[in-house]
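According to the numbering used here, the sequence shown holds residues 1 to 174 in order.
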Amino acid sequence: MAGITLTVNGTRREVQAPGDTPLLYVLRNDLELSGPQFGCGLSQCGACSVLVDGKEARSCVLPVSRVAGKEVTTLEGLPARWAGQQALPASEADPALHPVQQAWIDEQVPQCGFCQNGMMIKATELLDEVPAPTVAQIKDAFMSGASPHLCRCGSYSAILDAVQRASILMAKGR
Ligand code: FES
Ligand code: FES
């Protein structure tokens, strides 16, 4: 079995896996990154989301061979990613949180928590693209399209507040 080299949270990793193995399995089972969750396994809920070259991707249906040579960021890598965007060394970000993660705590968003990995990944992608999104843009990002983010606990209102709070924190550079 040929090794596949990918960059995860800023570190080059070589994994031994068939190329059609879902990225989620590699992240959780080989690289011991437990942020991304297995929900539906069908690209329909968002629990497994990661960033691939800055764009949200559903890792449950993404063959690992497709991310060879690309930058994968999981929930665990968000603080260092934020430090990089602030031109700080990664060491200064640890144990600091990404503003999205801090806002999630401040707004006490999670209930059971199962969906929240994907919610924070989605929020990070959105705020990178639209630093001060309107309510309509936030709702559109999370709820529209073929693959919305689902929360069976109904935390949507808190997510809306947290995205707005994160936007303010990011504007302050925190
Ligand atoms: S587990 Fe990947 S979208 Fe649901
Ligand atoms: S917090 Fe429970 S599924 Fe979203």
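All C-beta atoms in this analysis are idealised placements derived from N, C-alpha and C, irrespective of residue type, glycine included.
Remember, predicted model here, so these are calculated numbers, not experimental data.
Pull up the distance between the alpha-carbon of residue i and that of residue j, whole angstroms please.
i, j, result
"Pro63", "Pro22", "5 Å"
"Gln108", "Pro99", "14 Å"
"Lys172", "Pro131", "11 Å"
"Gly41", "Pro148", "14 Å"
"Gln111", "Ser155", "7 Å"
"Phe142", "Trp82", "21 Å"
"Pro133", "Thr11", "31 Å"
"Glu14", "Ser34", "18 Å"
"Ile105", "Asp20", "36 Å"
"Cys60", "Ala87", "32 Å"
Of the residues the options, which one's Cα is nearest the Cα of residue i?
i, options, result
"Ala80", "Lys55, Val67, Arg66 and Leu97", "Leu97"
"Gly113", "Gly10, Leu31, Pro36 and Ile4", "Pro36"
"Arg174", "Gln101, Ser59, Ile159 and His149", "Gln101"
"Thr7", "Asn117, Ser65, Asp106 and Asp20", "Ser65"
"Phe38", "Gly19, Leu31, Glu125 and Arg58", "Arg58"
"Gly46", "Leu126, Cys151 and Ser167", "Cys151"
"Asp161", "Gln116, Ala103 and Asp140", "Ala103"
"Gln137", "Cys153, Ser167, Cys115 and Asn117", "Ser167"
"Ser144", "Gln44, Gln16 and Gly3", "Gln44"
"Leu127", "Ser157, Arg165 and Ala68", "Arg165"
"Glu125", "Met170, Ala158 and Cys153", "Met170"
Based on DSSP bridge pairs, tell me the residues matched to residue i.
i, result
"Leu51", "Glu56 and Thr73"
"Thr11", "Val8"
"Gln164", "Paired residue(s): none; Gln164 is not in a bridge."
"Pro22", "Pro63"
"Gly3", "Gln16"
Does ligand 1 have a heavy atom nearer than 7 Å to the CB of residue i?
i, result
"Cys60", "yes"
"Cys45", "yes"
Quick one: is the Cβ of residue i within less than 7 Å of any heavy atom of ligand 2?
i, result
"Cys40", "no"
"Gln37", "no"
"Arg28", "no"
"Cys48", "no"
"Pro110", "yes"
"Gly118", "no"
"Arg152", "yes"
"Gly113", "yes"
Legend entry - At least 3 beta-carbon pairs within less than 8 Å: the segment 50-64 vs the segment 107-123: A contact exists between the segment 50-64 and the segment 107-123.
Legend entry - the segment 56-75 / the segment 19-35 touching (three or more Cβ pairs under 8 Å): Using a Cβ-Cβ distance cut-off of 8 Å, the segment 56-75 and the segment 19-35 are in contact, since at least three pairs of beta carbons, one from each stretch, lie closer than that value.
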